[in-house]
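Colleague: Would you mind keeping the following structure in view while I ask a few things?
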Amino acid sequence: MNFKFNQALMFTATSLSLLIAGCSQSNVTNTASSPSKETKSKTSKNSIEIWPTLDIAVKPDEKIEQRIADLLGKMTLAQKVAQTIQPEIRDITLEDMRTYGFGSYLNGGGAFPNGDKHALPSDWVALAEKMYQASIDDSIDGSTIPTMWGTDAVHGHNNVIGATLFPHNIGLGATHNPALIEDIAKATAEEVLATGIDWIFAPTVATVRDDRWGRTYEGYSEDPEIVRLYSASIVKGLQGRANSNFLGERQVISTVKHFIGDGGTIGGDDQGNNIADEQTLFDIHAQGYVGGLTAGAQTVMASFNSWKGDKVHGNRYLLTSVLKERMGFDGFVVGDWNGHGQIPGCSNESCPQAMNAGLDVFMVPTGAWKPLLENTIAQVKSGEISEARLDDAVTRILRVKLRAGLFDKPAPAKRVLSGDKDIIGSPEHRAVARQAVRESLVLLKNHQQLLPLSPNANVLVAGGGADNIGQQSGGWSITWQGTGNTNQDFPGGTSIYQGIKQAVTHAKGHVELAADGKFTQRPDVAIVVFGEQPYAEGNGDLDNLEYQRGNKTDLALLKSLKDQGIPVVSIFLTGRPLWVNPELNASDAFVVAWLPGTEGGGVADVLFSTENAELQHDFKGKLSFSWPKNPTQTNINRFDKNDTALLPYGFGLKYGEKSTLGNALSEETNSDSAQAISSLAIYDRSVQAPWKMALVTTQKSKTVASSMLENAELKFRTIDRRVQEDAFKIDWLSENAGQMRIYHDFLQDLRSYTEANSVIQFDYFVNSPINAPLWLQVNCAETCTSDIDLRAHMQQQQTWQTLSVDLACFTQNATDFSKVGIPFALRSQGLLSLSLSDIRIVPHAANKADIGCPTE
Numbered sequence: 000m001n002f003k004f005n006q007a008l009m010f011t012a013t014s015l016s017l018l019i020a021g022c023s024q025s026n027v028t029n030t031a032s033s034p035s036k037e038t039k040s041k042t043s044k045n046s047i048e049i050w051p052t053l054d055i056a057v058k059p060d061e062k063i064e065q066r067i068a069d070l071l072g073k074m075t076l077a078q079k080v081a082q083t084i085q086p087e088i089r090d091i092t093l094e095d096m097r098t099y100g101f102g103s104y105l106n107g108g109g110a111f112p113n114g115d116k117h118a119l120p121s122d123w124v125a126l127a128e129k130m131y132q133a134s135i136d137d138s139i140d141g142s143t144i145p146t147m148w149g150t151d152a153v154h155g156h157n158n159v160i161g162a163t164l165f166p167h168n169i170g171l172g173a174t175h176n177p178a179l180i181e182d183i184a185k186a187t188a189e190e191v192l193a194t195g196i197d198w199i200f201a202p203t204v205a206t207v208r209d210d211r212w213g214r215t216y217e218g219y220s221e222d223p224e225i226v227r228l229y230s231a232s233i234v235k236g237l238q239g240r241a242n243s244n245f246l247g248e249r250q251v252i253s254t255v256k257h258f259i260g261d262g263g264t265i266g267g268d269d270q271g272n273n274i275a276d277e278q279t280l281f282d283i284h285a286q287g288y289v290g291g292l293t294a295g296a297q298t299v300m301a302s303f304n305s306w307k308g309d310k311v312h313g314n315r316y317l318l319t320s321v322l323k324e325r326m327g328f329d330g331f332v333v334g335d336w337n338g339h340g341q342i343p344g345c346s347n348e349s350c351p352q353a354m355n356a357g358l359d360v361f362m363v364p365t366g367a368w369k370p371l372l373e374n375t376i377a378q379v380k381s382g383e384i385s386e387a388r389l390d391d392a393v394t395r396i397l398r399v400k401l402r403a404g405l406f407d408k409p410a411p412a413k414r415v416l417s418g419d420k421d422i423i424g425s426p427e428h429r430a431v432a433r434q435a436v437r438e439s440l441v442l443l444k445n446h447q448q449l450l451p452l453s454p455n456a457n458v459l460v461a462g463g464g465a466d467n468i469g470q471q472s473g474g475w476s477i478t479w480q481g482t483g484n485t486n487q488d489f490p491g492g493t494s495i496y497q498g499i500k501q502a503v504t505h506a507k508g509h510v511e512l513a514a515d516g517k518f519t520q521r522p523d524v525a526i527v528v529f530g531e532q533p534y535a536e537g538n539g540d541l542d543n544l545e546y547q548r549g550n551k552t553d554l555a556l557l558k559s560l561k562d563q564g565i566p567v568v569s570i571f572l573t574g575r576p577l578w579v580n581p582e583l584n585a586s587d588a589f590v591v592a593w594l595p596g597t598e599g600g601g602v603a604d605v606l607f608s609t610e611n612a613e614l615q616h617d618f619k620g621k622l623s624f625s626w627p628k629n630p631t632q633t634n635i636n637r638f639d640k641n642d643t644a645l646l647p648y649g650f651g652l653k654y655g656e657k658s659t660l661g662n663a664l665s666e667e668t669n670s671d672s673a674q675a676i677s678s679l680a681i682y683d684r685s686v687q688a689p690w691k692m693a694l695v696t697t698q699k700s701k702t703v704a705s706s707m708l709e710n711a712e713l714k715f716r717t718i719d720r721r722v723q724e725d726a727f728k729i730d731w732l733s734e735n736a737g738q739m740r741i742y743h744d745f746l747q748d749l750r751s752y753t754e755a756n757s758v759i760q761f762d763y764f765v766n767s768p769i770n771a772p773l774w775l776q777v778n779c780a781e782t783c784t785s786d787i788d789l790r791a792h793m794q795q796q797q798t799w800q801t802l803s804v805d806l807a808c809f810t811q812n813a814t815d816f817s818k819v820g821i822p823f824a825l826r827s828q829g830l831l832s833l834s835l836s837d838i839r840i841v842p843h844a845a846n847k848a849d850i851g852c853p854t855e
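FYI, numbering that gives the first Met the number 0 numbers position 171 of the sequence shown as 170, with every residue one higher than the one before it.
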């Protein structure tokens, strides 16, 4: 196929490699002119010369450094450690802040002042003011160091009702407009400041390599060049420029995140393992840091993921040797949500390894802050954490606070923008967001030049996303996952239907909304708005890219309209490229709108001409992610040697250009992938990542973190079967006692296993008679039936035995296993002692299952 690209986006592979190598004199200094033997060895642990020394725009200030030294010299050990502790607003009181003087605090997604989702800007400011005053009250802790408030404002001030929500980063990447990104960041900073908050956990600068990842929409592109440019732009927009308005009255502190490699984990697994060699880690995954840190970003957030099996939160080489010492970052590193607790040997309450590695601020929500503070103090006293390392962390925290003017600015309630409700969702900010929507739209298909549409037409608007601002905004919108919202939660926002209605009725055309496509007046054209439901990290992970796999309701709607001879325009809402060949075939025109946010009117601006048939706005969006040609093409990226994408990076039609996609794209789902699937180990000598084990009783749930755990109802301990501690024993100590559960914090997509006719299989040894029902459960949200009684199928013999259960037994629809939170749980109604090992899901074994189930 011949594709027409915007010439400004065309770079050779050679020029890209030069750019991402970080050799530009404008931002890199002291880089070796030629790589050493050590650098050439991509497996060397000491390949430090791969990493550049950055010419960071914000330079050290002697006055600030002297002030830091003066402050540090007067601080007690407890005061210093308190600066490194960041609790969440749901877990602390004003008295806690007054007593301990935390260096910072945060609100997580879905956390609001007073627990009120509809809190007003004045409520946010009131909490900020109270926390600030408590932090500088020295009556208990003797400290007057101001605290600061951090928030996830990732596409606008997305936790606040009425805020302007911009397109998610994947849409912004399609605009290829760094100047627009800077304007968006400026607007976001102002809305955040209007609520009294100092600090934003943005931008995300992940270079996404596997589109199954549930955070794909938080990435600007699969291309590190775009990520680098955008990172610099958003940091400048949030913080101001180093030589003019840096961290002034209308700027906030920014955070480049998540350092490093989160977009390149195996299988796109959130919080998973990135196994890239070190050169690739720099070339692909570090470019956002080259851009953002050079522009002067003051904080970096450590990533949940591992690099070559080592958790980044505990990786001293990356956090200290690379980031701080080699690249020259002199701000501070903040952890992610209890990320320190995932380091082997650590818990949420204790983790000297993280601080020793270079973590400066523990993000410690869920009530674990007090034992962590106390343990950290004790670890410094014992020498497990050196005083020098603690002093370095506190120095970095104070440096950022002083650069931001927090010691000198008025209290939050008295700052220039605080409490100005007119800034939240202002017309000026919404205009920027609407421009971003227009420029992010990518036209994939325009058969027989159906678009642009006349606003004088009789238009049907259909699809579940048509009048749904929550769906078009996606995750991180009011709530963390973006769920549980209605249009009323987005005052001032515009759904895509509302934008279309305004355009059509203004031109005296006719518009009808019918989500199910059942119209009362035959339309000239149907605009169908459909796509992914909101999700955020973890819950959004997929195992392949087929859209509505096993439940093609949107395709049925498109086909029903096509079968009636009605031209169909599809508006696709998505946080990633997905395989939509059937939907493309059923559409005359197909527009990717990504997750456009609250200003859905921008869609109509491009779809419709003027009443005089003149263009209002042409399509400007170009794919910043390659588009897959089959469901298993999950990690195809720009400059791949065998680039066989359906639509390549940079594709996007303009009006008048020939549509290159026909109406007979292959709809083959590549069933060979189901044949190739392998067994999934859930417990193999130990619980296998990403799964965890817990004992759940009527009173509480306790995660199993050692070889023994016991409460009043259940007793767990590891035992030896073939080798040391490769199995475990569970004792139910009373009737109707609790449940042994293997689970994941996020829902997992395991549809491939039901498609492959799999079983859940385990080995067992019965230690006592089974005299009551023993219930096996697999929990996959609302799609599972639970509790299969195993009693009649388990034999009490003096040998280990194997039992298998058809997965179809647990699903109402055997093809929908997309949201599995618990793949294995056991609950006994009577006293019982049972040993278990080798728990796994085995494909192509349902016909031999010990417990079979009807497939209909």
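Idealized CB from N, CA, C, for every residue including glycine.
As the structure is a prediction and not an experimental result, all values here were calculated from the model.
Just list the alpha helix (DSSP H) runs in the region 534-590, keeping only unbroken ones of 4 residues or longer that don't cross its boundaries, in chain order.
Modeller: For the region 534-590, whole alpha helix (DSSP H) runs of length 4 or above, ordered along the chain, are 552-562, 580-584.
Colleague: So, using beta-carbon positions, are residue 166 and residue 593 closer together than 8 Å?
Modeller: Within the sequence shown, the letter at position 167 stands for residue 166. Within the sequence shown, the letter at position 594 stands for residue 593. Contact: yes.
Colleague: Beta-carbon within less than 6 Å of residue 573's beta-carbon, same chain only, minus the 5 sequence neighbours each way: which residues are those?
Modeller: By one-based count along the sequence shown, residue 573 stands at place 574. The answer, listed in chain order, is 530, 531.
Colleague: So is residue 750 buried or exposed if we call it buried at 16+ other beta carbons inside 10 Å?
Modeller: Within the sequence shown, numbered from 1, the residue matching residue 750 stands at position 751. The residue is buried, with at least 16 neighbouring Cβ atoms inside 10 Å.
Colleague: In terms of alpha-carbon separation, which member of 398, 849, 52, 798 lies closest to residue 66?
Modeller: As a working note, residue 66 is residue 67 in the sequence shown. The residue with the shortest Cα to Cα distance from residue 66 is 398.
Colleague: State the start and end residues of the unbroken alpha helix (DSSP H) segment that holds residue 867.
Modeller: With the chain covering 0 to 855 only, the question about residue 867 has no answer from this structure.
Colleague: What does the alpha-carbon distance come out to for the pair residue 22 and residue 317?
Modeller: Indexing the sequence shown from 1 puts residue 22 at position 23. Indexing the sequence shown from 1 puts residue 317 at position 318. In this predicted model, residue 22 has a pLDDT of only 35, less than 50, meaning its place in the structure is not dependable enough to derive any value.
Colleague: Can you tell me where the alpha helix (DSSP H) with residue 234 in it begins and where it stops?
Modeller: As a working mapping, residue 234 is identified with position 235 in the sequence shown. Element bounds for residue 234: 223-238.
Colleague: When the Cα of residue 359 is compared with those of 335, 346, 365, which residue comes out closest?
Modeller: Within the sequence shown, numbered from 1, the residue matching residue 359 stands at position 360. Closest option to residue 359, Cα to Cα, is 335.
Colleague: Contact check, residue 804 vs residue 775 under 8 Å by CB: the rounded distance?
Modeller: Locating residue 804 in the sequence shown gives position 805, where the first residue counts as 1. Locating residue 775 in the sequence shown gives position 776, where the first residue counts as 1. The Cβ separation is near 6 Å, so the contact holds.
Colleague: Beta carbon of residue 85, beta carbon of residue 102: below 8 Å?
Modeller: As a position in the sequence shown, residue 85 is number 86, starting the count at 1. As a position in the sequence shown, residue 102 is number 103, starting the count at 1. Yes, the pair counts as a contact, with Cβ atoms nearer than the cut-off.
Colleague: Pairing CB atoms from the region 469-487 with CB atoms from the region 506-514, are three or more of them under 8 Å?
Modeller: Contact fails: fewer than three Cβ-Cβ distances are below 8 Å.
Colleague: Grab the span of the beta strand (DSSP E) containing residue 148 for me, first residue to last.
Modeller: Locating residue 148 in the sequence shown gives position 149, counting from the first residue. Unbroken beta strand (DSSP E) run through residue 148: 147-150.
Colleague: Suppose the cutoff is 7 Å on Cβ atoms and the five residues either side in sequence are ignored; what does the same chain contact list for residue 327 look like?
Modeller: Within the sequence shown, numbered from 1, the residue matching residue 327 stands at position 328. Taken in chain order, the residues that qualify are 52, 53, 55.
Colleague: On the DSSP letters alone, give me the boundaries of the alpha helix (DSSP H) that residue 889 sits inside.
Modeller: An answer regarding residue 889 cannot be provided, because it is not within the stretch 0 to 855 covered by the chain.
Colleague: Using the Cα positions of residue 121 and residue 733, report the straight-line distance between them to the nearest angstrom.
Modeller: Locating residue 121 in the sequence shown gives position 122, where the first residue counts as 1. Locating residue 733 in the sequence shown gives position 734, where the first residue counts as 1. Looking at the two C-alpha atoms, the distance is approximately 52 Å.
Colleague: Where does residue 254 fall in DSSP's three states?
Modeller: Sequence index remark: in the sequence shown, residue 254 carries index 255 (1-based). Reduced to three states, the DSSP call for residue 254 is strand.
Colleague: Checking the sheet assignment: what are the DSSP bridge partners for residue 356?
Modeller: Taking the first residue of the sequence shown as 1, we reach residue 356 at position 357. In DSSP, residue 356 forms no bridge with anything.
Colleague: Can you tell me which of 354, 156, 450 puts its alpha carbon nearest to the alpha carbon of residue 590?
Modeller: Taking the first residue of the sequence shown as position 1, residue 590 is located at position 591. It is 450.
Colleague: Mapping the DSSP letters down to three states, classify residue 717 as helix, strand or coil.
Modeller: The residue you call residue 717 lines up with position 718 of the sequence shown. Strand at residue 717.
Colleague: Kindly list the residues whose CB is nearer than 6 Å to the CB of residue 87, restricted to its own chain and excluding five residues on each side of it in sequence; keep chain order.
Modeller: Numbered from 1 along the sequence shown, position 88 holds the residue referred to as residue 87. Contacts found: 105, 107, 364.
Colleague: Report yes if the C-beta distance between residue 211 and residue 622 is below 8 Å; otherwise report no.
Modeller: Here the question's residue 211 lines up with position 212 in the sequence shown. Here the question's residue 622 lines up with position 623 in the sequence shown. In this structure, residue 622 does not lie closer than 8 Å to residue 211 by Cβ.
Colleague: Which one or two residues does DSSP pair with residue 87 in a beta bridge?
Modeller: As a working mapping, residue 87 is identified with position 88 in the sequence shown. Answer is 105.
Colleague: Compare the Cα-Cα distances from residue 747 to each of 271, 790, 368 and report the closest residue.
Modeller: In the sequence shown, residue 747 corresponds to position 748, counting from 1. If we check each option's Cα against that of residue 747, 271 comes out closest.
Colleague: Pair every Cβ in the region 695-705 with every Cβ in the region 278-291, then say whether three or more of these pairs are closer than 8 Å.
Modeller: No, the region 695-705 does not touch the region 278-291.
Colleague: Determine contact between the region 601-621 and the region 644-655, defined as no fewer than three beta-carbon pairs at a distance below 8 Å.
Modeller: In short, these stretches touch, since the Cβ pair count reaches three.
Colleague: Are residue 917 and residue 823 touching if we call contact CB-CB under 8 Å?
Modeller: Because residue 917 is not part of the residues shown, which for the chain are 0 to 855, the question remains open.
Colleague: To which residues does DSSP link residue 778 through a beta bridge?
Modeller: Residue mapping note: residue 778 aligns to position 779 of the sequence shown, counting from 1. According to DSSP, which records beta bridges pairwise, residue 778 is partnered with 821.
Colleague: Is DSSP giving residue 307 helix, strand or coil here?
Modeller: By 1-based counting over the sequence shown, the position of residue 307 is 308. The answer is coil: DSSP assigns residue 307 none of H, G, I, E or B.
Colleague: Where does residue 31 land, buried or exposed, given buried means 16+ other C-beta within 10 angstroms?
Modeller: The residue labelled residue 31 in the question sits at position 32 within the sequence shown. Low per-residue confidence applies at residue 31: pLDDT is 30, beneath 50, and the placement is therefore not dependable, though the value from the model is reported in the following sentence. That one is exposed.
Colleague: Check for me: the alpha helix (DSSP H) holding residue 289 runs from which residue to which?
Modeller: Stepping through the sequence shown from its first residue, residue 289 is reached at position 290. Start and end: 286-293.
Colleague: Going by C-alpha distance, which of 92, 682, 611 is nearest residue 834?
Modeller: Position 835 of the sequence shown, counted from the start, is the residue given in the question as residue 834. Residue 682 is the option with its Cα nearest to residue 834.
Colleague: Quickly, what does DSSP pair residue 349 with across the bridge? List them, please.
Modeller: The count along the sequence shown starts at 1 and reaches residue 349 at position 350. DSSP, once it has assigned bridges, lists 346 as partnering residue 349.
Colleague: Does the Cβ of residue 614 have 16 or more other Cβ atoms within 10 Å, making it buried, or fewer, making it exposed?
Modeller: The sequence position of residue 614 within the sequence shown is 615, counting from 1. Exposed is the call here.
Colleague: Considering only C-alpha positions, which residue in the set 180, 305, 207, 445 is nearest to residue 866?
Modeller: Nothing about residue 866 can be reported from this structure: the residues present for the chain run from 0 to 855 only.
Colleague: So the candidates are 842, 371, 831, 258; which of them puts its Cα closest to the Cα of residue 789?
Modeller: Counting from one through the sequence shown, the residue named residue 789 turns up at place 790. It is 831.
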